[in-house]
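One structure below.
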Amino acid sequence: MNRLKVELAGLELSNPTMLASGMMGETGMSLVEAARNGAGAVVTKSVGMEPRTGYINPTLVEHDDYYINAMGLPNPGIADYGEEMASAIKGGVPIFGSIFAASVSDFAHLAGKMEDYGASAVELNLSCPHAKGYGMEMGIDPDIVANIVKEVKGSVSVPVFAKLTPNTHRLLDVAEAVQRADGDGIVAINTLKAIAISVEFRRPILSNVYGGLSGPAVKPIGLRAVYDLYDRVDIPIIGVGGVETWKDAMEYIMAGASAVQVGSAVGRHGLGVFGEICNGMDSYLEENGAEMMDLVGVAHERK
Amino acid sequence: MNRLKVELAGLELSNPTMLASGMMGETGMSLVEAARNGAGAVVTKSVGMEPRTGYINPTLVEHDDYYINAMGLPNPGIADYGEEMASAIKGGVPIFGSIFAASVSDFAHLAGKMEDYGASAVELNLSCPHAKGYGMEMGIDPDIVANIVKEVKGSVSVPVFAKLTPNTHRLLDVAEAVQRADGDGIVAINTLKAIAISVEFRRPILSNVYGGLSGPAVKPIGLRAVYDLYDRVDIPIIGVGGVETWKDAMEYIMAGASAVQVGSAVGRHGLGVFGEICNGMDSYLEENGAEMMDLVGVAHERK
Amino acid sequence: MNGNEVVTIKEVVPEGKGITTLRFELDRTARPGQFFMVWVPGVDEVPMSVSYTGRVKGITVREVGTATKALSGLKGGDMIGIRGPYGRGFAMPKGKFLVVGGGTGIAAVLPAVEMADDKDIVDVALGARNASEIIFEERAENASNHVHVSTDDGTRGFHGTVVAMVDDILKKHSYDQVIACGPEKMLYYLLEVCKKHGVESQMSLERFMKCGSGLCGSCVIDGKRVCADGPVFYGREISDMLEFSKAKRDEAGRLIKL
Amino acid sequence: MNGNEVVTIKEVVPEGKGITTLRFELDRTARPGQFFMVWVPGVDEVPMSVSYTGRVKGITVREVGTATKALSGLKGGDMIGIRGPYGRGFAMPKGKFLVVGGGTGIAAVLPAVEMADDKDIVDVALGARNASEIIFEERAENASNHVHVSTDDGTRGFHGTVVAMVDDILKKHSYDQVIACGPEKMLYYLLEVCKKHGVESQMSLERFMKCGSGLCGSCVIDGKRVCADGPVFYGREISDMLEFSKAKRDEAGRLIKL
Ligand SMILES: Cc1cc2nc3c(=O)[nH]c(=O)nc-3n(C[C@H](O)[C@H](O)[C@H](O)COP(=O)(O)OP(=O)(O)OC[C@H]3O[C@@H](n4cnc5c(N)ncnc54)[C@H](O)[C@@H]3O)c2cc1C
Ligand SMILES: Cc1cc2nc3c(=O)[nH]c(=O)nc-3n(C[C@H](O)[C@H](O)[C@H](O)COP(=O)(O)OP(=O)(O)OC[C@H]3O[C@@H](n4cnc5c(N)ncnc54)[C@H](O)[C@@H]3O)c2cc1C
Ligand SMILES: Cc1cc2nc3c(=O)[nH]c(=O)nc-3n(C[C@H](O)[C@H](O)[C@H](O)COP(=O)(O)O)c2cc1C
Ligand SMILES: Cc1cc2nc3c(=O)[nH]c(=O)nc-3n(C[C@H](O)[C@H](O)[C@H](O)COP(=O)(O)O)c2cc1C
Ligand code: FES
Ligand code: FES
């Protein structure tokens, strides 16, 4: 019996761990590697209409407990990405096609392409904190988000997830807008807008100045977002932010997530992290005679 | 010569380190201790109209790189706080009287009392993320904030600082409102809304469920706030969030802060942290033939 | 790393009337005189001195209210949350020393008796209201050749307060230091006795604690944080405290005269 | 801890035509085959192999474009930003091994020569286009009794490619392993030669790197991250790579045929 199995928006995952968007997902074969290492599903790099080279380096700041990144959404563009999807599919796990765009119609176009390429779901990146004109700037407005979701829903038949930003006090309003527009699920959180400064050089480190904070430092914020979302919306929630151990993952599940995505830990600990999280959760479930789905949101029962 | 000296809103600080609000500041003698240990100024615990006992324990979650706290604004109430201020003044450094209230007129009343008690400045807590009806809920609305600041300015002659929340995308709009309303300075940031969950007990750890994230984990967000504020407003900025070393402090200064507040580090490293930060900054200034005030905002020159 | 952790109770030992020891495994270094913040979910989180400092740690609880009642009712296999250990513990004195425990304070000082690995350099004085509240006497005897016991009602050992007994002991023997924990009133008189005999002391104080880690200020006495700057202070430091035995703070931080 | 740090250049050593070593103090452990991300503010941050692994570390830069030009122009006292070391380095082989360096690749393998503390268990083959690009020959001789040198134009040592020279060496001597770094084309032929002689190898690969720490995927070859799963791979792993010597990715992640 597979205790780890979860179901969300009609998709079945053999376990609730997913590779987060941006983690090596530029290439199809990396997604296959993640699946081989135990990820229950994988998310592609956020792909846009045209190829983008991203920002020049430095694009990453590393610290004991966090990263700050400003890659600048490098991606080969949706046309070339078909080839990557063709290899990615060999991973044998559901693929979430992550997309970003500056207009509603571009979102719809990209989503359609992802479905054509074989994506099991679409993830709308409405939350990148450092790319001008994309992501977060639209992701804080419930009406804009509702429009995008509605349009995308009209053009694909796979489930549509909206990835939201925590850089606002309106997260819950935006999530409600997603639900109203028939969105199938919420992914939270993307990174927090952050900077790093070099004292020696008296300047910001990232070439783009601004980047996104991720890793263990953001887990308490991600958990809060998921916990709040679980009270506010009925559609499934995927938790992201600082997941490194089985306990981190379980905290998200108990807060209300039906699955978790793993980003920074893939750099900090390697791809083995998927197997370790799954083994840990499996032992816990066995000892407690429980199945994964029983635990979704249990932390709400006692406050 | 004292290279560390800074001036903000007409106040002179012998060095730019301050004890942040909430750190032991319930009692006057703790503020004296902080001053003796080298703090250039001290901020009181946020004091309200009535005594408050705060939330029951657990009120704190501790982690390698952060705390999450939900003290619940315990404080003896403004009437009793006069006695604490009478002892606090023996510290010989400027005291910022931090206040919180649910109405504009209460803010004005509290501010007046703090001035009467001998505060050198007033700090408006518009940003506590976990106390219902106070703090953050009003601190995200530029108009409400402008009203509070205007009213308080009308009732005191000491400078008025507004402490803002990072839990919104409107931080800069709120800061502009403070400036428009003749506020004398901005303090940023307060804690980020967060939770912690116990897997074993399948429940949130804090009795209040929600708390505020502080410590090294939030430094990149605090720096971002200060960096942005420096571009947007002309009034002085005090940086708070994750300051533990002289380099952390200097990063805030270079991002645009005229002073920094130290909170969590007082628990993590003890009160000796003020002396260490000052010594480190002093060596740096000496080696570089600079004075503190020369470095405020220098990171903006090269992007 | 003092972070939040959950441990499983391995053993529950009744020590005396209303006094219970809970043992659990925790892989952290704890020094005599330090304390944990102990969480009983749905009830409270309260400070408890470390009564066993080895790998299998222990706390010893006297039932006085809601949280201590919940703790006293736990069984083997139950779980509690732990933060810490926090605070400045007892420093190992140079020379010969006398360890004094009053009531539940005995639990806090017993590990200090055991930190001496020579049964002749540490003497012990244990006092309580009556015989049923004298705990850890055997543990003390395993670590010291001279264990004195007193009870207020005379049901065991010296009849009178532990302070009176210590006064007698100090008349006959000389020590380089006294180490103590107990009710503040006891510590007040003990400090007087130590001063009279010219002996330096280390005493563990108690104040109302919320964060336990030096942040919130609720435990402050004369500007010092009992949780972080203490709970153990030297007698000379305590002598300078205006609030010692005179006042404490309530949960709102208001000064309450004692 | 691999976090961002700023170091001061202690020494600048010209090694050959357009090749410069920068030495700086950095208190981190680095193994042969690992690399740093090196930041020149206002210019770029690029991957550079560790060419000295001791406390005073070094990188050896060949000038090919903007960033490497900026690095080559630095003077003692200048500062650079450092992240890392990152990646899987060379594993110390069991038995006798041959270290092969081609061009700037010599800088990356020299520490691998020095990890053997017996001059007889490691032999060395260094190759470059011409004599002025042969670097670290003396360093190699200090660590090995057999150092072979080749140049494409015959201005020093064996006249021909380093791969041709290694083919000769492998005909006469047997090794348990070959360790190599150099241009991908060289590695391609070297791998063929190793296979022919039945010798296992470890080779350090290069791909376009942004994050350097296994996150962004820009350095991926056949699903493996060169920065984190490599840069050193075993010959048997490289043989399975469809993109090796055939294709690489540009900055947008597009596949470019080689
Ligand atoms: C450093 C330190 C070490 C301690 N070690 C021990 C020990 O080893 N064994 C033991 O039995 N007790 C110990 N105590 C006392 C113990 O913490 C209190 O008895 C306990 O918190 C009472 O909680 P309650 O809910 O049972 O009682 P309540 O009904 O809540 O209170 C009873 C009395 O306990 C005190 N108290 C309540 N809450 C706290 C608190 N958070 N911090 C401090 N005092 C409080 C108050 O004075 C109150 O009047 C220690 C206290 C401190 C400060
Ligand atoms: C693991 C690794 C170790 C390396 N070690 C060394 C070394 O020890 N000494 C040395 O001189 N060089 C080394 N390089 C190569 C070095 O990183 C590039 O020469 C350098 O980045 C070129 O930058 P540029 O601005 O001078 O040239 P550009 O004009 O930007 O580019 C010149 C060529 O260098 C390559 N390049 C540019 N940027 C990068 C990048 N971020 N990552 C990888 N390749 C890039 C491209 O193929 C490009 O065509 C190493 C590369 C890798 C991946
Ligand atoms: C290097 C890097 C690149 C990322 N790229 C993307 C991206 O393209 N699209 C996206 O939606 N999120 C992106 N993210 C955000 C992650 O998917 C994730 O939401 C965030 O990092 C928090 O999770 P973590 O703490 O597990 O890393 C990126 C994060 C990092 C560190
Ligand atoms: C235990 C605790 C209590 C706090 N109480 C207050 C408060 O009463 N008023 C306030 O404005 N900020 C309060 N804060 C926020 C701090 O002043 C500070 O803004 C925040 O902790 C970030 O700084 P740090 O990372 O240095 O701790 C509190 C923080 C902590 C950890
Ligand atoms: S209990 Fe918070 S400072 Fe001591
Ligand atoms: S350079 Fe980013 S994964 Fe290798």
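Chains as they are written, first to last, in the numbering used here: chain A, 1 to 303; chain B, 1001 to 1303; chain C, 2001 to 2258; chain D, 3001 to 3258.
Heads up, the beta-carbon is just placed ideally off N, CA and C, and yes, glycines get one too.
{"query": "Where C:Y2175 falls, given that 16 or more other Cβ within 10 Å makes a residue buried", "result": "buried"}
{"query": "Three CB pairs or more closer than 8 Å across the segment 208-221 of chain A and the segment 1233-1240 of chain B", "result": "no"}
{"query": "C:V2012 Cβ short of 8 Å to ligand 1 heavy atom set", "result": "no"}
{"query": "Residue nearest to A:D294 in terms of C-alpha spacing, selected from A:M254, A:A121, A:A175 and A:K90", "result": "A:M254"}
{"query": "Secondary structure of B:F1274, DSSP reduced to three states", "result": "helix"}
{"query": "Best match in A:G97, A:A146 and A:S127 for proximity to A:E137 [C-alpha to C-alpha]", "result": "A:S127"}
{"query": "Coarse secondary structure for C:G2089, derived from DSSP in three states", "result": "coil"}
{"query": "Pick from C:A2070, C:G2076, C:P2041 and C:Q2034 that is closest to C:R2023, judged by C-alpha positions", "result": "C:G2076"}
{"query": "Cβ-Cβ distance between D:F3244 and D:E3184 below 9 Å", "result": "yes"}
{"query": "Beta-carbon neighbours of C:K2210, restricted to chain B and to distances below 8 Å", "result": "G1054, N1057, T1059, L1060, M1071 and P1074"}
{"query": "Closer than 9 Å to chain D by CB, A:E276", "result": "no"}
{"query": "Where the segment 1215-1245 of chain B meets chain A: residues whose CB sits under 7 Å from a CB there", "result": "P1216, A1217, P1220, I1221, L1223, R1224 and Y1227"}
{"query": "Presumed contact (8 Å Cβ cut-off) between A:F96 and A:A41, rounded CB distance", "result": "6 Å"}
{"query": "Chain D residues whose Cβ lies nearer than 7 Å to that of A:H63", "result": "G3003"}
{"query": "CB contact below 9 Å: A:F96 versus chain D", "result": "no"}
{"query": "Span separating the alpha-carbon of B:V1296 from that of D:A3252", "result": "38 Å"}
{"query": "Residues of the segment 2210-2227 of chain C with Cβ closer than 8 Å to any Cβ of chain B, in chain order", "result": "K2210, C2211, G2212, S2213, G2214, L2215, C2216, G2217, S2218, V2220, D2222, G2223, K2224 and R2225"}
{"query": "Nearest residue (CA-CA) to C:Y2234, options C:A2180, C:L2258 and C:G2212", "result": "C:A2180"}
{"query": "C:S2051, buried or exposed, once every other Cβ within 10 Å from all chains shown has been counted against 16", "result": "buried"}
{"query": "Euclidean distance between Cα positions of D:R3225 and A:M24", "result": "8 Å"}
{"query": "Any C-beta of chain D under 9 Å from that of A:P159", "result": "no"}
{"query": "Cβ pair count under 8 Å reaching 3, the segment 1055-1068 of chain B against the segment 2005-2016 of chain C", "result": "no"}
{"query": "Cβ neighbour criterion (16 or more within 10 Å) applied to B:M1001", "result": "exposed"}
{"query": "Check your reading: residues with Cβ closer than 5 Å to ligand 2 heavy atoms", "result": "D:F3035, D:V3046, D:P3047, D:M3048, D:S3049, D:V3061, D:R3062, D:V3064, D:G3065, D:T3066, D:A3067, D:T3068, D:T3104, D:A3107, D:E3206, D:F3208, D:M3209 and D:P3231"}
{"query": "Chain D contact for A:P51 (CB, 9 Å cutoff)", "result": "yes"}
{"query": "Same chain, Cβ closer than 6 Å to B:F1274, neighbours up to 5 away in sequence not counted", "result": "T1017, N1037, G1038 and A1039"}
{"query": "A:A162 to A:H109 span [Cα, whole Å]", "result": "16 Å"}
{"query": "Member of B:P1051, B:Y1252 and B:V1093 whose CA lies at the smallest distance from the CA of B:P1076", "result": "B:P1051"}
{"query": "Minimum C-alpha distance to C:K2096 - residue among C:I2059, C:V2124, C:F2208 and C:L2190", "result": "C:V2124"}
{"query": "Residue-level contact to chain C via CB, B:L1031, 9 Å cutoff", "result": "yes"}
{"query": "Proximal residues of chain A, C-beta to C-beta of D:M3079 below 8 Å", "result": "E200 and F201"}
{"query": "Per-residue DSSP class, three states only, for D:K3172", "result": "helix"}
{"query": "Alpha-carbon to alpha-carbon, D:C3227 and A:L324", "result": "With chain A covering 1 to 303 only, the question about residue 324 of chain A has no answer from this structure."}
{"query": "Bridge partner(s) assigned by DSSP for D:R3083", "result": "D:M3037"}
{"query": "Classification of D:L3258 by the beta-carbon crowding that lies within 10 angstroms, buried from 16 upward", "result": "exposed"}
{"query": "Cβ shell of B:I1144 (< 6 Å), same chain only, five flanking positions each side left out", "result": "M1138"}
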